[in-house]
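Quick note on numbering: numbering that gives the first Met the number 0 labels position 61 of the sequence shown as 60, and the sequence is numbered without any gaps.
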Amino acid sequence: MHLTSHEQNILGLIARGRSDRAIAEELEISLSTARKHRENLLAKFEVSKSTQLVVRYFADYGVPLKKCSRG
């Protein structure tokens, strides 16, 4: 499964325990957009919780997440 750079940024923030509100503020996007990104990643990995999402990513890929950058 391929993750876009933007999805990797979002996943990196999720892995660091950021809330949807914190993600929205950091990336300068709306709260609803941040929520939708999280929902899309959960669906893409076929899991129901953010912790499962992060564990699954590392288990499947073992690749470090990129440090989030704005933009």
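We put the beta carbon where it would ideally sit given N, CA and C, even for glycine.
Where residue i falls: helix, strand or coil (DSSP)
i     : result
Thr32 : helix
Phe44 : coil
Glu27 : coil
Gly16 : coil
Leu10 : helix
Residue from the options whose Cα sits closest to the Cα of residue i
i     : options                : result
Ser18 : Glu38, Ala58 and Glu45 : Glu38
Ile13 : Asp59, Thr50 and Leu2  : Thr50
Cβ neighbour criterion (16 or more within 10 Å) applied to residue i
i     : result
Leu52 : buried
Leu40 : buried
Ala21 : exposed
Ala33 : buried
His1  : exposed
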